[in-house]
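Novice: Let me begin by handing over the structure; questions about it come next.
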DNA sequence: GATAAAACCGAGTGTATTTGTCGGGTTTAG
DNA sequence: CTAAACCCGACAAATACACTCGGTTTTATC
């Protein structure tokens, strides 16, 4: 039941972008330094986020990344789905619907997994980047 | 964000034990057959469940396992904590308290992880084996 | 136009975890 | 005494994770 570093770092990077939204594009180098992350690895996370339309990139010198929408329009769920895949604790309750367990059609355990899934989704979909930037005292740096 | 097969199989095995509670100890062989699991692997899951006091074993011929408490007293959370470890999406929000992130003391992302943790725990701690046995049509077999 | 900073891309790599298997030992009912 | 069951530790294949590396393309600035 762990979120991998992809999801963790991705959320942290997006928070940084939200915090410095007004300052124009921010380079991978700067984001990585602010969060103590590897440049190359962070690069691998921003690529899918860009393809998913959550951030936009500007190439060339003084380029970098900025949010593709306002902070209140981007949720933690959006980020985690891109970097972690389906937010379901087991395959058989992924959406769009995976098949039932092959062993028996009425699987009592399945209801548990579905409830966990719904519960997690409700949490992450209800938290926007704006919420996170506001709740934290504005971080300097 | 996945639950490993340990947790999945463990919950399924415990449901089987709850369903046949009245019939005396059930052997690993029978449980494994009912759920289509490997005998050896299931054996590895029942050992920690026994040490944690969730099941009791009876040795010798016609031995096997049975629940150590009534189905309404054993929750899915109890089972998952034994087989999956702490029910926290990232280390820094595990209980008893792990240290904060080493990078900055005020980590906005941390509040997200804590909410996910609480949400998952509330779900799994509120579902007992009794709930699962009742909700499913009584499975024959 | 040259330079350099930055995004972009794909492949590769070492480690850790997962998901089991296997073999042997111990307990115990019949 | 023996078979059935639990008990224990080693081991192995497969997968996922967490990066690293080298090179290409784009583009502001000198």
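Protein chains in written order, with our numbering: chain F, 1 to 141; chain P, 1 to 141.
The beta carbon of each residue, even a glycine, is placed where N, CA and C say it ideally should be.
Given the structure is predicted, the values throughout are model-derived calculations rather than measurements.
1. Only counting the same chain, and skipping five residues up and downstream in sequence, which positions put a Cβ closer than 7 Å to that of residue 141(P)?
2. Specify the secondary structure class of residue 128(P) as computed by DSSP and reduced to three states.
3. In the DSSP output, which residue or residues are listed as bridge partners for residue 65(F)?
4. Tell me whether the beta-carbon of residue 11(P) lies closer than 9 Å to the beta-carbon of residue 64(P).
5. What number of angstroms, rounded off, separates the C-alpha of residue 22(F) from the C-alpha of residue 72(F)?
6. Is the beta carbon of residue 28(P) closer than 9 Å to that of residue 20(P)?
7. Check whether chain F comes within 9 Å of residue 87(P), counting only Cβ atoms and requiring the distance to be less than that.
8. Is there a Cβ from chain P that is less than 9 Å from the Cβ of residue 1(F)?
9. Answer with yes or no whether the minimum CB distance from residue 84(P) to chain F is below 9 Å.
10. Within 9 Å (strictly less), CB to CB, does residue 49(F) reach chain P?
11. Using a Cβ-Cβ cutoff of less than 6 Å, which residues in the same chain neighbour residue 32(P) once the five nearest sequence positions on both sides are dropped?
12. Which same chain residues end up closer than 6 Å to residue 77(P) when comparing Cβ atoms and leaving out the 5 residues on each side of it in sequence?
13. Would you mind giving the Cβ-Cβ distance between residue 119(F) and residue 136(P), rounded to the nearest angstrom? I have them listed as a contact below 8 Å.
14. Run through chain P and tell me which residues come within less than 8 Å of residue 6(F), C-beta to C-beta.
15. For residue 94(F), collect the residues of the same chain with a Cβ closer than 6 Å to its Cβ; drop the 5 residues on either side in sequence, then sort them by chain order.
16. Please report the distance separating the alpha-carbon of residue 121(F) from that of residue 83(P).
17. With burial defined as no fewer than 16 other Cβ atoms inside 10 Å of the residue's Cβ, what is the status of residue 108(F): buried or exposed?
18. Would you mind sorting residue 13(F) into buried or exposed? The rule is 16 or more other CB atoms within 10 Å of its CB.
19. Determine the chain P residues that contact residue 81(F) at a beta-carbon separation under 7 Å, and present them in chain order.
20. Pull the bridge partners of residue 75(P) from the DSSP assignment, please.
21. Between which two residues does the alpha helix (DSSP H) containing residue 1(P) stretch?
22. Would you identify the three-state DSSP class for residue 84(P), choosing helix, strand or coil?
23. For residue 130(P), collect the residues of the same chain with a Cβ closer than 6 Å to its Cβ; drop the 5 residues on either side in sequence, then sort them by chain order.
24. Along chain P, which residues have their Cβ under 8 Å away from the Cβ of residue 120(F)?
25. Going along the chain, which residues of its own chain have a beta-carbon closer than 7 Å to the beta-carbon of residue 25(F), five neighbours each way excluded?
26. Using alpha carbons as the reference points, say which of 4(F), 91(F), 52(F) lies closest to residue 143(P).
27. Thinking C-alpha only, which one of 2(F), 128(F), 68(F) is nearest residue 46(F)?
28. Select from 79(P), 18(P), 111(P) the residue whose C-alpha is nearest the C-alpha of residue 53(P).
29. Using 8 Å for Cβ pairs, my map puts residue 74(F) next to residue 128(F). What's the rounded Cβ distance?
30. Under a CB-based cut-off of 9 Å, is residue 12(F) close to chain P?
Specialist: In short, the structure shows the following:
1. With a pLDDT of 49 at residue 141(P), under the threshold of 50, the modelled position of this residue cannot be trusted; read the value that follows with caution. Correct list, in chain order: 34.
2. strand
3. 26(F), 57(F)
4. no
5. 14 Å
6. no
7. yes
8. yes
9. yes
10. no
11. 39, 42
12. 124, 125
13. In fact, because the Cβ distance is near 20 Å, the residues do not count as touching under 8 Å.
14. Correct list: empty, because the minimum Cβ distance to chain P is about 11 Å.
15. 86, 88
16. 23 Å
17. buried
18. buried
19. Chain P residues near residue 81(F): none, gap ~10 Å exceeds 7 Å.
20. 128(P)
21. Taken as a continuous stretch (DSSP letters only), residue 1(P) belongs to no alpha helix (DSSP H), as it is neither H nor E.
22. helix
23. 71, 72
24. 1, 116, 119, 120
25. 58, 63, 64, 65, 66
26. No answer is possible for residue 143(P): it lies beyond the span of chain P, which begins at 1 and ends at 141.
27. 68(F)
28. 79(P)
29. 6 Å
30. yes
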